[in-house]
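> Just passing along the structure, written as structure tokens.
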Ligand code: NAD
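Residue numbers (this note's numbering): 992 to 1469.
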């Protein structure tokens, strides 16, 4: 069995212990053993990153740009191979894994270009003969903590800007997806960036993750994961006055109006709610449907949900892979039971599936006659389960869309310009989609949510500079 190690100060370093990485599509398939960093190794990674960062910040722009470009190109060139690995360890179908790795490459090539986009501002002082120069400087050592559901993309949209703006990085990936993490770390290492500028420390959240975010030499913590963990990250970072940014869970809604294209609405709901086994922070698990269209929408959607091909992530034709872990599958099945207890009416699906390979499979499920105060419409399930709520008009629909503790994305299906425009302005979310799935965003524009879905400045696009840099105001008298 191969053992994959951590990358600390440019060296592949064995950990204090290892964990197995199990394929959720076939639990007989052990992908490998992965190192778990000790607390001394976390300490050494922080010291190495701190020592390496100033020289990296001073590295000429074109050298930094070239390193990021090399990483991005390697990811795009190897997206078949790495997409297969991602699908094997996380359970998303190969096409989605491949797309994720390609997108990760685009984050690096985008931020390679951002290296050269130097900004700043100049002012005349109120004092005669004094100039003011305002520029951005790196934060220092960035701790990157990432989840398992988009293991390569999420990490890349953090690591790429962190490096581009002159910081060093310590990355702690999720323990469910270490193979994708090691593959990305190998590509970053092979780009030739100096030892210590990028470090990978694998391990548990409560041990390695917590140790990192509590460390006083961390300049900023960027975290994507669940709301519950996000609160712990916020408390630990705040106790050191360390800058932090959180991208958390959500409970996204798709509002389907009676003036929409029905087939497009069904296809949009299907993709948004079920693809990636519902394990997306942007998944539309709440489907809010106008009464005039409700029955036709439910009839078409339920037929398509029932026809979804559930199977091994690496089998051609699979549309829905397994849950990523047994814990996730058990949680999904508990939500199925809860929905029934709460009085939701099951239209299709919801049973655990036994397929040829032992894995964490279930049939995608659709419920109707649900209310927004039910727990299944308030808690992030992260499951291939969607709940329909019937509404009488647009105003009631919008009110339900906004009646949630979360606020990452919201979508509307409509051919009415006035509804689309009103929704765009009044949905209380960080991202709004008109005639598009709630999931699926670009890499060159801001991404993030409101309410309990996010904290701190936006990720991606030029907005990332806000988090990965700090402003210096310099007064100059000639
Ligand atoms: P999680 O919160 O369980 O874990 C996320 C990461 O935090 C992992 O690396 C984990 O090891 C680490 N961690 C756990 N406890 C920690 C602690 N005490 N200190 C430091 N680190 C700790 O989340 P998950 O199950 O891996 O991912 C699913 C969640 O991520 C969902 O809620 C999903 O909505 C969210 N997510 C959000 C976005 C977004 O951009 N908003 C994107 C993807 C996923």
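Yeah, the Cβ is synthetic: ideal placement off N, Cα and C, and Gly gets one too.
What's the C-alpha gap between residue 1033 and residue 1177?
Residue mapping note: residue 1033 aligns to position 42 of the chain shown, counting from 1. Residue mapping note: residue 1177 aligns to position 186 of the chain shown, counting from 1. Distance between the alpha carbons of residue 1033 and residue 1177 is about 19 Å.
> Does the beta carbon of residue 1458 fall short of 6 Å from some heavy atom of ligand 1?
As a first step, residue 1458 must be located in the chain shown, where it is residue number 467. No, Cβ of residue 1458 sits at least 6 Å from all heavy atoms of ligand 1.
> Taking 6 Å as the cut-off, is the beta-carbon of residue 1309 closer than that to any non-hydrogen atom of ligand 1?
Within the chain shown, numbered from 1, the residue matching residue 1309 stands at position 318. No, Cβ of residue 1309 sits at least 6 Å from all heavy atoms of ligand 1.
> In terms of DSSP beta bridges, what is residue 1126 paired with?
As a first step, residue 1126 must be located in the chain shown, where it is residue number 135. Note: residue 1126 sits in a beta bridge opposite 1463.
> How would you call residue 1133, buried or exposed, if buried means at least 16 neighbouring beta carbons within 10 angstroms?
Counting from 1 along the chain shown, the entry for residue 1133 is found at position 142. By the neighbour-count rule (16 or more Cβ atoms within 10 Å), residue 1133 is buried.
> Using 8 Å as the Cβ pair cut-off and three pairs as the minimum, do the segment 1018–1030 and the segment 1182–1200 touch?
With a cut-off of 8 Å, the segment 1182–1200 and the segment 1018–1030 count as touching, because enough Cβ pairs lie within range.
> Under the criterion of a Cβ to heavy atom distance below 6 Å, does residue 1141 qualify as lining ligand 1?
In the chain shown, counting from the first residue as 1, residue 1141 sits at position 150. At least one heavy atom of ligand 1 is nearer than 6 Å to the Cβ of residue 1141, so yes.
> Quick check: does the Cβ of residue 1200 come within less than 6 Å of any heavy atom belonging to ligand 1?
Taking the chain shown and counting its residues from 1, one reaches residue 1200 at position 209. Yes, since a heavy atom of ligand 1 falls inside the 6 Å radius drawn around the Cβ of residue 1200.
> Could you check if residue 1204 belongs to the surroundings of ligand 1, using beta carbon to heavy atom distance under 6 Å?
Translated into the one-based positions of the chain shown, residue 1204 becomes position 213. Checking the Cβ of residue 1204 against ligand 1 gives yes.
> What I want to know is whether the C-beta of residue 1405 ends up closer than 6 Å to one or more non-hydrogen atoms of ligand 1.
Walking along the chain shown from the start, residue 1405 turns up at place 414. No, Cβ of residue 1405 sits at least 6 Å from all heavy atoms of ligand 1.
> Take every Cβ of the segment 1285–1299, pair it with every Cβ of the segment 1237–1257, and state whether three or more of those distances are shorter than 8 Å.
Segments in contact, yes.
> Residue 1352 bridges to which residues according to DSSP?
In the chain shown, counting from the first residue as 1, residue 1352 sits at position 361. Note: residue 1352 sits in a beta bridge opposite 1344.
> Where does residue 1272 sit, in a helix, a strand or coil, going by DSSP?
Counted from its first residue, the chain shown places residue 1272 at position 281. Coil, per DSSP.
> Would you call residue 1366 buried or exposed, if buried means 16 or more other Cβ atoms sit within 10 Å of its Cβ?
Here residue 1366 is taken as the residue at index 375 of the chain shown, counted from 1. Residue 1366 comes out exposed.
> Out of 1382, 1378 and 1362, which one is the CA nearest neighbour of residue 1280?
For the purposes of this step, residue 1280 is taken as the residue at position 289 of the chain shown. With distances taken between Cα atoms, residue 1280 lies closest to 1382.
> Kindly list the residues whose CB is nearer than 8 Å to the CB of residue 1138, restricted to its own chain and excluding five residues on each side of it in sequence; keep chain order.
To locate residue 1138, count along the chain shown from 1; it is residue 147. Correct list, in chain order: 1145, 1165, 1215, 1216 and 1217.
> Of the residues 1201, 1088, 1212 and 1436, which one's Cα is nearest the Cα of residue 1135?
Sequence index remark: in the chain shown, residue 1135 carries index 144 (1-based). Comparing Cα-Cα distances from residue 1135 to each of 1201, 1088, 1212 and 1436, the minimum goes to 1212.
> Where does residue 1137 fall in DSSP's three states?
Translated into the one-based positions of the chain shown, residue 1137 becomes position 146. In this structure, residue 1137 counts as coil in the three-state DSSP scheme.
> Following the continuous alpha helix (DSSP H) through residue 1007, name the residue where it begins and the one where it ends.
For the purposes of this step, residue 1007 is taken as the residue at position 16 of the chain shown. It is not in any alpha helix (DSSP H) - residue 1007 carries neither H nor E in the DSSP assignment.
> Answer yes if the segment 1091–1102 comes into contact with the segment 1052–1070, meaning at least three C-beta pairs across the two stretches below 8 Å, and no otherwise.
With a cut-off of 8 Å, the segment 1091–1102 and the segment 1052–1070 count as touching, because enough Cβ pairs lie within range.
> Given a cut-off of 7 Å on the beta-carbon distance, is the pair residue 1263 and residue 1084 in contact?
Position 272 of the chain shown, counted from the first residue, corresponds to residue 1263. Position 93 of the chain shown, counted from the first residue, corresponds to residue 1084. Their beta carbons are not under 7 Å apart, which means residue 1263 does not touch residue 1084 by this criterion.
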